[in-house]
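Line order of the protein sequences matches chains A and B.
If you're matching positions, the first sequence starts at 10 in this note's numbering and goes up one per residue.
If you're matching positions, the second sequence starts at 10 in this note's numbering and goes up one per residue.
Where a beta carbon is used, it is the ideal one built from N, C-alpha and C, also for glycine.
This structure is a prediction, so every number in the text was calculated from the model and none was measured.
2 protein chains.
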Amino acid sequence: MAGVRTRRSAGRPSQRVLTQENITAAALEVITSRGYEGFTMSSLAARLQVAPSALYNHASSKAEVLRWIQDHLMAEVDTACFAELDWPDAVRTWARSYREVFARHTPLIAVIAVLQVSGAPRTLAMYEAVTEGFLRAGWNQARIIPAIVALESFIFGSAFDAVAPTDIFDTGSLASESPLFTAAVAAAPGRESGKAAEQAFETGLDALIHGFAGTPSGN
Amino acid sequence: MAGVRTRRSAGRPSQRVLTQENITAAALEVITSRGYEGFTMSSLAARLQVAPSALYNHASSKAEVLRWIQDHLMAEVDTACFAELDWPDAVRTWARSYREVFARHTPLIAVIAVLQVSGAPRTLAMYEAVTEGFLRAGWNQARIIPAIVALESFIFGSAFDAVAPTDIFDTGSLASESPLFTAAVAAAPGRESGKAAEQAFETGLDALIHGFAGTPSGN
DNA sequence: ACCTGAACACCGTTCAAGT
DNA sequence: ACCTGAACACCGTTCAAGT
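#1: Identify which residue in A/L160, A/E186, A/Y136 has its Cα closest to the Cα of A/V126.
#2: Of all Cβ atoms in chain B, is any one closer than 7 angstroms to the Cβ of A/H219?
#3: Chain B beta carbons: is any one of them nearer than 7 angstroms to that of A/G213?
#4: Would you grab the beta carbon distance between B/F163 and A/G166 for me? Rounded to a whole angstrom, and I think it's under 8 angstroms.
#5: If we count the other Cβ atoms within 10 Å of its Cβ and call it buried at 16 or more, is A/A54 buried or exposed?
#6: What's the call for A/E141, buried or exposed, on a 16-neighbour Cβ count within 10 Å?
#7: Distance, Cα to Cα, B/E93 vs B/R108?
#8: Nearest chain A C-beta to B/I154 closer than 7 angstroms, yes or no?
#9: Excluding the 5 residues flanking A/A205 on each side, which residues of the same chain have their C-beta closer than 7 angstroms to its C-beta?
#10: Can you tell me where the alpha helix (DSSP H) with B/R152 in it begins and where it stops?
#11: Using the Cα positions of B/E85 and A/T191, report the straight-line distance between them to the nearest angstrom.
#12: Which residues bound the alpha helix (DSSP H) around A/E211?
#13: Just checking, does the segment 29 to 39 of chain B make contact with the segment 69 to 78 of chain B on the three C-beta pairs under 8 angstroms criterion?
#14: Compare the C-alpha of B/G44 against each of B/F91, B/D215, B/T115, B/L27 and name the closest.
#15: With 7 angstroms set as the bound, which would you pick, yes or no: does the beta-carbon of B/D170 sit closer than that to a beta-carbon of chain A?
#16: Please report whether the beta-carbon of A/L133 lies at a distance below 7 angstroms from any beta-carbon of chain B.
#17: Please decide whether A/E137 counts as near chain B, where near means a Cβ-Cβ distance under 7 angstroms.
#18: Kindly indicate which three-state DSSP category B/Y45 falls into: helix, strand or coil?
#19: Drop a sphere of 10 angstroms on the beta-carbon of A/V26, count the other beta-carbons inside from all chains shown, and report buried for 16 or more, exposed for fewer.
#20: Figure out for me which residue from B/A151, B/A159, B/G128, B/G213 has the closest Cα to the Cα of B/D170.
#21: Thinking C-alpha only, which one of B/R113, B/V194, B/N66, B/H67 is nearest B/M83?
#22: Please state if the CB of A/I157 and the CB of A/V172 are separated by a distance shorter than 7 angstroms.
#23: Under 7 angstroms, Cβ to Cβ, is there at least one residue of chain B near A/S202?
#24: Give me the chain B residues within the contact set of A/P97, using Cβ-Cβ distance strictly less than 9 angstroms, ordered along the chain.
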């Protein structure tokens, strides 16, 4: 064919604006400042200073952008702990950071639960690191996935709980119809200090970790 | 003032159509047949044979209708088990039915997590029955709520997992970059039989139940 | 008291037309 | 190759007008 031509302005690399990374970063900025209700294709486009329709040259749908965000956030989950701590403490550290990241992004949980790992490299890297940690702790290969999935289910559910109003258990005018529950709520630790969700999370996490350890045939 | 008048046609009780119960039942019919994507104020109104705007004389918003549905479904969760079985089996039965009900209604989980029990009588009744079951089993009052919340978090997360595609863990072209995870997935029980989610749920439920039992100061 | 129909202020997405 | 602007087919919700 004809001689190779330099494309674009030859000098500095042409600065593409609508890359996956840029769109994801802009999306996170919108979500941080205006929440998920304020995160629309319009608000995302505005932040990138393009027309909404321009986004569709790079993402097939809003759902795809959400998947990019999800995978991006997965890199923030601490997995280094598995190389530094023993299994119970490593799981605790991993689970806490996992919950913390997604408590701020609960609308993504419905996305994650359905997401194919093959399209989410950082999510896959997270699973690989956790699996490695379990194996190093002597876990039987066949029991690892159910344990991770169970922990993950607990983490996702706890993420919702973490951002729930603190007064959801106030029985109000129906207190007399639920005396036992009302009393239990009043007696629960972390009440009024706003740490009830943390208490429940740590309680469940402890139970899962001890429960896995004390399971019939060991780990 | 003037003499009391009988209102409406005096004979048979005027059959009100847009009651909370009727709206809730119609909403569930729409959701069952067309899913949550197909559940709109328009589709709900169509099933009730009224204009969409008529709904707003009875419900303040779509979110309120969702809260009605959530509370309605809570009555389907099995709590009778606490009067019939010992604590571990009762918790297992309760948790299984709770997960089963909401696996078909995962979009409601975001609603539940934020819902005030004072506005949800059946939800409150469920908590009361569970609390009673824990007390009867000898649980310390102060430890009940964190345990219930932890179990609930696990149940909600597992509900998402229950309806996830079975192939989410297929690593595809990235298998070589995640050899340990890929091998663990291949070795996991329930694979190909489509029962992986059930395996993970039962594994986690067992761990939680045993973990609670084996917790420092007993229950 | 409660319904209808029109309207409002949005959504996500598509697509012809441009460069 | 990638952007714009207009348009489409929806949403949930409001409200004046009716009965």
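According to the structure shown:
#1: On the first sequence, residue 126 of chain A is found 117 positions in, with the first residue counted as 1. Measuring from the Cα of A/V126, the nearest candidate turns out to be A/Y136.
#2: Along the first sequence, read from residue 1 onward, the residue named residue 219 of chain A stands at position 210. So, interface residue.
#3: Position 204 of the first sequence holds residue 213 of chain A. With 7 angstroms as the cut-off, A/G213 counts as an interface residue toward chain B.
#4: Your numbering for residue 163 of chain B matches position 154 in the second sequence. Your numbering for residue 166 of chain A matches position 157 in the first sequence. B/F163 to A/G166, Cβ: 6 angstroms. Contact.
#5: Taking the first residue of the first sequence as position 1, residue 54 of chain A is located at position 45. So A/A54 counts as buried.
#6: In the first sequence, the residue the question calls residue 141 of chain A occupies position 132. With 16 or more other Cβ atoms within 10 Å, it is buried.
#7: Taking the first residue of the second sequence as 1, we reach residue 93 of chain B at position 84. Taking the first residue of the second sequence as 1, we reach residue 108 of chain B at position 99. If I take the Cα positions, the gap works out to 20 angstroms.
#8: Residue numbering aside, residue 154 of chain B sits at position 145 when the second sequence is read from its first letter. For B/I154, the answer is yes, since a Cβ of chain A falls inside 7 angstroms of its Cβ.
#9: Locating residue 205 of chain A in the first sequence gives position 196, where the first residue counts as 1. Counting only Cβ-Cβ distances below 7 angstroms, and skipping sequence neighbours, we find T175, A197, G199.
#10: Here residue 152 of chain B refers to the residue found at position 143 of the second sequence. Counting along the chain, the alpha helix (DSSP H) containing B/R152 begins and ends at 150 to 171.
#11: Mapped onto the second sequence, residue 85 of chain B falls at position 76. Mapped onto the first sequence, residue 191 of chain A falls at position 182. Distance between the alpha carbons of B/E85 and A/T191 is about 22 angstroms.
#12: Here residue 211 of chain A corresponds to residue number 202 of the first sequence, with the count starting at 1. Residues 205 to 222.
#13: yes
#14: By 1-based counting over the second sequence, the position of residue 44 of chain B is 35. When only C-alpha atoms are compared, the closest one is B/T115.
#15: By 1-based counting over the second sequence, the position of residue 170 of chain B is 161. For B/D170, the answer is yes, since a Cβ of chain A falls inside 7 angstroms of its Cβ.
#16: Position 124 of the first sequence holds residue 133 of chain A. Closer than 7 angstroms to some Cβ of chain B, the Cβ of A/L133 qualifies, so yes.
#17: The residue given as residue 137 of chain A occupies position 128 in the first sequence. Answer yes: the Cβ-Cβ gap between A/E137 and chain B drops below 7 angstroms somewhere.
#18: Stepping through the second sequence from its first residue, residue 45 of chain B is reached at position 36. In the structure shown, B/Y45 sits in coil (DSSP, three-state: anything other than H, G, I, E or B).
#19: Counting from one through the first sequence, the residue named residue 26 of chain A turns up at place 17. Exposed is the call here.
#20: As a first step, residue 170 of chain B is located in the second sequence; it is residue number 161 there, counting from the start. Residue B/G213 is the option with its Cα nearest to B/D170.
#21: Walking along the second sequence from the start, residue 83 of chain B turns up at place 74. If we check each option's Cα against that of B/M83, B/R113 comes out closest.
#22: Here residue 172 of chain A corresponds to residue number 163 of the first sequence, with the count starting at 1. Here residue 157 of chain A corresponds to residue number 148 of the first sequence, with the count starting at 1. Not in contact: A/V172 and A/I157 (Cβ atoms no closer than 7 angstroms).
#23: Here residue 202 of chain A refers to the residue found at position 193 when the first sequence is read from its first residue. Not an interface residue.
#24: Sequence index remark: in the first sequence, residue 97 of chain A carries index 88 (1-based). Ordered by position in chain B, no residue passes the 9 angstroms Cβ test against A/P97, which lies about 12 angstroms from the chain.
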